[in-house]
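Remarks on the structure that follows.
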Amino acid sequence: MRGVNMKVYKCHNFRSQNVIQVDNEPVSLFAYKDKLFVATQNCCVFVFKFLANQNHQRTNAFATEARVQQLLFNDTGNYVATLEVKSSRRQTFYAVKVYLNWQLATDSNSTRSCVRLANHDHSLKPNSISKDQLQVIDIPCIKEVTCISTCQKTGNLVIVQREKTTFYQVVEKSVSNSEKTYVDVVPFLELDWSFEVKSISFCENYVAVASEEEAQVVRLLYTESNKQTEDVDILKHFPSRTRRRVSSVLSELSICSDKHQNLDSALSRGSRYGAFGSSRNSMNASPALSSSSLNKLGFDAFNKIDDDENFVTWNFDESEQKEDFDGGLFLGRRGVRKKQSKTAVLKSLHELTQRDILLADNPKHNDLRGGGHSTAGELTIVTVLYKRSSSSTDSWKFIQLHPTYLLEGERLVMRDWYREIPAQSSVFSSLVGVSCLLSSARVGTMYNLWNKTSDISHYKYTLEVHQLITDGNLLYVMNEKGLEIYSSRCNAAAIHNSEDLNGITKAYPSASLDICLLGAHPFIGATQITLADDSVVLLSKVEGSNNKNEESIWSLYALEKCSVSELFKDMLNYGSKHEKSSSTAYVHLLQEGHMIVRNALIGQKRTDDHLLELYRESCGLLGEHYSLPDAEDHKLCLPYYLMSGLSITEIVKQAVNYKQQSKKTTPYCYGIGFSYYLNYVLFQDEEPFVLLEADGDQILEVCAEVIPDRISEVILFSRLQTYNPETALKLLQSQMQHKSSIDEKHTPVSMVALASLHLKLCDPEPAHVALTSIPQRELTKICIQHHQLLHQDFAELSPLSQLMRCHCPQVLITSLVALHDTGMISLDLAIQLLQGAHEDDAKFKNNHVKEYLEKILEDNQRKYVFEEAAVLLSEIYMKRIIHVAHPTDRQRLNGQVQNKTTGYFGQRYSWLDELPPFKGLYALKQPCLYLRQSSPTTVRKNNTTAPAVSKQESCPCALCHEDLLKLQSMLCSPSCSGAVMDKVLDLLKTSPSLQGRDAIWVLCKIRSEVTETFKVMVERYPTVLLSFSTSVLEADPGLWSNFLNEVVQMNKLQAENPDENAEIYFKSFQGILKHLTDVLTVKDFLQILPEEGNMLFFLPYITECQEKDKSKKLLNTVVRKGEHLQRFV
């Protein structure tokens, strides 16, 4: 056993001490909840109930057949069990009795009772199962009974007869040929141990036994079917000595000699048993054994072969691994080849924590379910703890299991809690921890049996122990001088098992925290103790002199437990007295008190407000301790402060008070834990703090001392938004001056914070200076990472955004688009923010809305929002074209227009440059007439004043028609949808005199009704007929036939009444025919030729079309044969 660190803090007290009056000398005690059962020397059992106001009342009494050696009460089965001993000159008789309907017995002398044998249905008599009288079930015992025990949750009973333990289940049976039912006690399991059992404790499917030299805890694992399965998680941690172990190296040799005979069976066994190794994975799996090799080695079918969990495969093959060092492959550099290291890792002895279990023999078991008949499922017994006594521990004397449940279930009707697996209760699923206390007369150890067995605490008693018992929070130890109270870690281990203690939002002291001796209470001749919910019952007895006739002097005490609140306050008061002299003692008692309060909340159906308040108080005190400068484990300050429910204002005031009291003026007067807390809570992704301005100023001043490097981040990004801007500006400027004094550059975040504070003080000029000093790339990064800078609760743009809108609008728009991509600010919200309080009809006047939508439509990755954005942008373009603004009114625009061809925007058709209001590509590239006339440079150069520009004049440059060019680019895109075209057509109907109306109308009709555009194009725009038809009609013979008819008809009209366009029409007709010879076959070409025409005119085109058709066919033949030959090659 390792060294025991025991702390002594005498802070435990009982509320009161009362004497319980019993008619005769008590010989055995048992208490549970509010009931106390006392067996006396004159073969009687008295039942007492603990009442309020430190009172108790005797409620029941009944007689026993013999003197009671051990007494138990089970709340689930509602029965009293006794081990009764009757001695004669020749021998001693042992009997175990189960008393039902004990609550009907009010007088030990006049109570009617009936006795029957357990599990003997044939001996039943009608009066023996009467429910209106005391029923006594006698369990025959042939051998000496060492002790008995019970599980309060399952209602099961166990009888120990030296090496044999028999488990009984209380069941409800039906009388044959009758509707009557009765309760019986039937055995369901026998365990034969390899040593003589002196003490036993069991709960659920855990069984703990101890002799003087050995102690063993096993778990009963029932399967649901007859198929032999095992609990992999348990077997992984707890190997058994009874399972034969074979080295994997030997397994490999066996397989090699027999691999051809039983390969399939070997693989199947490998998958079954190879999974149990705790350090094994698919990359390190040892070979399995074949059935023939097992026979050769002498293993029969009843042995289980487990893979050796310590087997490690060594592979010394040379191999190279290509590594990308620092992104070398990405940057085009050659990768570095490195040889893999050859490292063999073996388990050291200290890692084999369960080596004691290898010495254990699992008990032999006999499943008695079904009365010897076959039952569903099988039983597997797994040893989870095995210890042998040594010279340092003496012999074992006490063993106790303590379960912890999240929910304390109410007692159910017997027919509801009966199960096929009797070792599990109805609340088994809420079991979160099982601890085992194993103790000798002078030392003891508490083990955690949940998941993986581990020792959590060690005890070293002041005197030799007579009896001990734990309730999960405290350990009550009785010795010759009285009663000692120690802290216990059972419930603490359960909390670690069941909760996610991440150390950030939740924390809890370690279950291995040093044990405390909390109190000592002297009693003369203490012989027995038992625990009720609110009382400790202690029997003290002083034997008489050698004269046998002289009776012993005894007293039965009821010691009322102090409440959780009182014990916590006592611990806190005791620790506070020694806070200055011993901070270790103070924090230790704080932790003990915190655990006591937290443990009391386990299993509560209703939250106790008082306990919850105590819990928060303990968290606050622990958080305060870990926030101090000299505190260890400073990071625990954060979870305890968060669990305390204290506001940041209260916590900061505590820190300021500590600073004032300690009279420290250096920046290090605040602890690291306090800094850790501020860094976390200020930048949590939660709602801003609701506090007064004065409190906000105090928090800001403390932050300037504790985390000075983050003062600008606190101002901009933290949850602290309520403060005086002047105070914040002074603190920020002071920090910036300090950085300037040590030649440190101001960070972009600091400059953004400076601009933001100046705006809050309504001082835009210095804000503008601070903003312009930030590189736009850095400013965009900050805005994207911290979107809250751009808006005020998503309702409107922030003052900082308004300033950016005036001086660097591209930063604002780029940030909004990036936030749209991350899903933070939607399209509608961004437009709402940019539009502000203006009406929807004025949206087209907002250049930033237009630029935002254009940026959205530039990237194909945003296709999911193209439809909505394109409809809005097309409407804006149309309204801006209708309400044209001359360049002199938009001086902020550059002299160049970007031709957008990405995303939703497509390449404009070349023939659009010839349609009004444009006058060719050359005119589009010329400088704007309005900007040139109003330029001051031009005026000074010509020594004239700028001429007045008439609203009726039209400039053909790209700058004057930027919106029209972009709209045409949208309509030319393959992505353009019908919704956009319908929207544009609707707006065209309201503006018949719109500039560029024909071009817009034609583009909208091309997709759906292209034939309607033929007549308009032929009549109005003869110069673009060839380029229009070649770019729109592609190789569709039907469309070309219609279009060619329109051109032929126009040429006929020109032949009859020629004008200046006659030659243009004729050349366009020739060009069209020339183009058709390239795109159509001879057959299609002949079909679309007009019926009326000169054959000699069309013959050259027909001949050329036929030659090109033959060339295409020949080319296809050559390609096809080449592909055919390539397949054979």
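In the working numbering, the protein residues as written are 1 to 1129.
We put the beta carbon where it would ideally sit given N, CA and C, even for glycine.
Could you tell me whether any Cβ in chain D is nearer than 8 Å to the Cβ of residue i?
i	result
residue 478	Given the protein chain composition of this structure (a single chain), no chain D is represented.
Please report the straight-line C-alpha distance between residue i and residue j, rounded to a whole angstrom.
i	j	result
residue 818	residue 825	9 Å
residue 784	residue 385	57 Å
residue 673	residue 628	7 Å
residue 483	residue 539	11 Å
residue 618	residue 537	30 Å
residue 1099	residue 1074	12 Å
residue 724	residue 696	8 Å
residue 1111	residue 1097	23 Å
residue 495	residue 712	41 Å
residue 1115	residue 1087	24 Å
residue 963	residue 760	38 Å
residue 814	residue 637	41 Å
residue 156	residue 168	6 Å
residue 100	residue 581	58 Å
residue 1082	residue 1039	17 Å
residue 551	residue 111	28 Å
residue 1113	residue 1105	12 Å
Does the Cβ-Cβ distance between residue i and residue j come in under 8 Å?
i	j	result
residue 1131	residue 511	In the structure as shown, the chain starts at 1 and stops at 1129, and residue 1131 therefore has no counterpart that could be examined.
residue 767	residue 803	yes
residue 145	residue 161	yes
residue 118	residue 132	no
residue 707	residue 679	yes
residue 64	residue 92	no
residue 624	residue 654	yes
residue 45	residue 52	no
residue 561	residue 14	yes
residue 423	residue 76	no
residue 908	residue 972	yes
residue 1032	residue 1010	yes
Can you find the residues in the same chain that come closer than 6 Å, C-beta to C-beta, to residue i, ignoring five residues on each side of it along the sequence?
i	result
residue 421	222
residue 1004	981, 984, 985
Name the two residues that bound the continuous beta strand (DSSP E) containing residue i.
i	result
residue 162	Looking at the DSSP string, residue 162 is not in any beta strand (DSSP E), and its letter there is neither H nor E.
residue 963	Looking at the DSSP string, residue 963 is not in any beta strand (DSSP E); the run it does join, the alpha helix (DSSP H), is 962–972.
residue 27	26–32
residue 1018	Here residue 1018 belongs to no beta strand (DSSP E); instead the alpha helix (DSSP H) covers 1012–1020.
residue 444	443–448
residue 582	Segment: none, residue 582 is in no beta strand (DSSP E) and carries neither H nor E.
residue 660	Residue 660 -> not in any beta strand (DSSP E); alpha helix (DSSP H) instead, spanning 648–662.
residue 94	92–100
Please report the residue range of the alpha helix (DSSP H) in which residue i lies.
i	result
residue 989	978–989
residue 1074	1062–1079
Leaving out five residues before and five after residue i in sequence, what residues of the same chain have Cβ atoms less than 7 Å from its Cβ?
i	result
residue 441	394, 397, 464, 465
residue 34	49, 50, 532, 533
residue 903	857, 858, 859, 860
residue 798	789, 790, 791, 792
residue 54	16, 18, 560
Tell me, to the nearest whole angstrom, how far the beta carbon of residue i is from that of residue j; I am working on the premise that it is less than 8 Å.
i	j	result
residue 403	residue 434	5 Å
residue 1069	residue 1042	In fact, because the Cβ distance is near 15 Å, the residues do not count as touching under 8 Å.
residue 572	residue 17	About 24 Å; that fails the 8 Å criterion.
residue 976	residue 957	Between residue 957 and residue 976 the Cβ distance is about 25 Å, and since that is not below 8 Å, they are no contact.
residue 142	residue 158	With 8 Å as the limit, residue 142 and residue 158 do not qualify as a contact, their Cβ atoms being about 17 Å apart.
residue 854	residue 873	7 Å
residue 19	residue 557	6 Å
residue 1016	residue 998	7 Å
residue 622	residue 498	Wrong, their Cβ atoms sit about 20 Å apart, outside the cutoff.
residue 210	residue 438	7 Å
For residue i, which residues from the same chain have a beta carbon less than 8 Å from its beta carbon, with the 5 sequence-adjacent residues on both sides left out?
i	result
residue 574	9, 10, 11, 589
residue 27	39, 40, 41, 67, 68, 69
residue 1130	With the chain covering 1 to 1129 only, the question about residue 1130 has no answer from this structure.
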